[in-house]
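Protein chains: 2
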Amino acid sequence: MTADHVFTALASPARRELLRLLLDEGAQPAGRLAERFDMSRPSVSEHLKVLKDAGLVAESRRGRERHYRLEAAPLMDLRDWLSPYEHFWRDRLARLSDLMDEMEDDDA
Amino acid sequence: MTADHVFTALASPARRELLRLLLDEGAQPAGRLAERFDMSRPSVSEHLKVLKDAGLVAESRRGRERHYRLEAAPLMDLRDWLSPYEHFWRDRLARLSDLMDEMEDDDA
DNA sequence: TTGATGAGTAGGAAATTTCCTACATATAGT
DNA sequence: ACTATATGTAGGAAATTTCCTACTCATCAA
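Those protein sequence lines, which keep their order, are chains A and B.
So for the first sequence, the working numbering puts the first residue at 177; every next one is plus one.
So for the second sequence, the working numbering puts the first residue at 177; every next one is plus one.
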């Protein structure tokens, strides 16, 4: 459930693909998700566990199926982590823009 | 330089700490960065290499020192990756808000 | 109650990551 | 030229991750 869990969970392409499927197609049982992968069903199950431990998916049992759904909240924490870097980026762009303005002045 | 490299680079706490140092304190030589860590200098050097391969830092040689600076551009790609999940999140909040409005109507 | 189905767990092999201690390379100062 | 400094690279040990094949557990359907 920590930030570290989230970064670790996102490091795997398979797990990012799982999130994408849940985003685009909504909640689904584990087996239906596993069909989409070239890997064995138990492996997908373990990836789902990593995502669950990171709080990125939640499961609800329906009969013998387990439906997994996307939980976006931890990704909003990631957005917060990102925001100071975004400011840094914006400042850099602004400075670049100022510089280009000065160059235009020189031309004139 | 791919998205995969970026996610992988961010998976390590040491590498995230390096990015934070470069953000908060600006460009620095490798040695000064390494001082801040409990790990050996060569290990920090390898982490810097992973960050460089992901395009998250750039180096410039000054005499025998190598100054590393933050490159935020790949993080902006990460923000783009994040945005559909942010929409998902907003929609969910909006629906929750509607639901609460309905409950108020029921009370009245 | 029995057989089939959906899905997690166990145990382990292979690959990858992390970290270390030498060592190599390049530059600065004397 | 010689020494010290800043830093990357090599090679390898230990830990972790990934993925597999059995196997177990729970539920559904007859």
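Note that the Cβ used here is the ideal one computed from N, Cα and C, for glycine as well.
Keep in mind that this is a model prediction, so the values were computed, not measured.
Which residue's Cα is closest to the Cα of residue i: the options?
{"i": "Arg245/A", "options": "Gln204/A, Pro260/A, Ala179/A", "result": "Gln204/A"}
{"i": "Leu199/A", "options": "Leu194/B, Gly239/B, Leu258/B, Lys225/B", "result": "Leu258/B"}
{"i": "Met215/A", "options": "Glu235/A, Glu193/A, Glu201/A", "result": "Glu193/A"}
{"i": "Val220/B", "options": "Arg237/B, Leu197/B, Glu278/B", "result": "Leu197/B"}
{"i": "Leu269/A", "options": "His223/B, Pro260/B, Glu247/B, Phe213/B", "result": "Glu247/B"}
Measuring only the C-alpha atoms, how far is residue i from residue j?
{"i": "Ala190/B", "j": "Ala249/B", "result": "20 Å"}
{"i": "Glu241/B", "j": "Glu211/B", "result": "14 Å"}
{"i": "Glu262/B", "j": "Met252/A", "result": "7 Å"}
{"i": "Leu209/B", "j": "Glu280/B", "result": "56 Å"}
{"i": "Ala185/B", "j": "Arg271/A", "result": "28 Å"}
{"i": "Gly207/A", "j": "Trp265/B", "result": "25 Å"}
{"i": "Pro218/B", "j": "His243/B", "result": "15 Å"}
{"i": "Glu201/A", "j": "Val226/A", "result": "20 Å"}
{"i": "Arg255/A", "j": "Ala187/B", "result": "15 Å"}
{"i": "Leu275/B", "j": "Ala234/A", "result": "21 Å"}
{"i": "Asp267/B", "j": "Glu278/B", "result": "17 Å"}
{"i": "Met177/B", "j": "Leu224/B", "result": "14 Å"}
{"i": "Ser273/B", "j": "Leu195/A", "result": "25 Å"}
{"i": "Phe213/B", "j": "Arg237/B", "result": "22 Å"}
{"i": "Glu297/A", "j": "Pro260/A", "result": "Since the first residue shown for chain A is 177 and the last is 284, residue 297/A is missing from the structure and cannot be characterised."}
What residues of chain B sit near residue i, judged by a beta carbon separation below 7 Å?
{"i": "Glu211/A", "result": "Result: empty, since nearest Cβ-Cβ is about 23 Å, beyond 7 Å."}
Pull the bridge partners of residue i from the DSSP assignment, please.
{"i": "Ser221/B", "result": "For Ser221/B, which the question treats as bridged, DSSP gives no partner whatsoever."}
{"i": "Ala234/A", "result": "Arg245/A"}
{"i": "Pro205/B", "result": "His243/B"}
Report the neighbours of residue i on chain A: residues whose CB is nearer than 7 Å to its CB, in chain order.
{"i": "Asp180/B", "result": "Pro189"}
{"i": "Leu258/B", "result": "Leu251, Leu254, Arg255"}
Cβ closer than 9 Å: which chain B residues qualify as neighbours of residue i?
{"i": "Glu262/A", "result": "Ala248, Leu251, Met252, Arg255"}
Give the interface partners of residue i over in chain B, defined as CB-CB distance under 8 Å, in chain order.
{"i": "Leu186/A", "result": "Phe183, Leu186, Ala187"}
Cβ closer than 8 Å: which chain A residues qualify as neighbours of residue i?
{"i": "Leu199/B", "result": "Pro260, Tyr261, Phe264"}
Legend entry - Sufficient close CB pairs (3 or more, under 8 Å) joining the segment 226-234 of chain A to the segment 180-198 of chain A: Cβ pair count under 8 Å is three or more, so yes.
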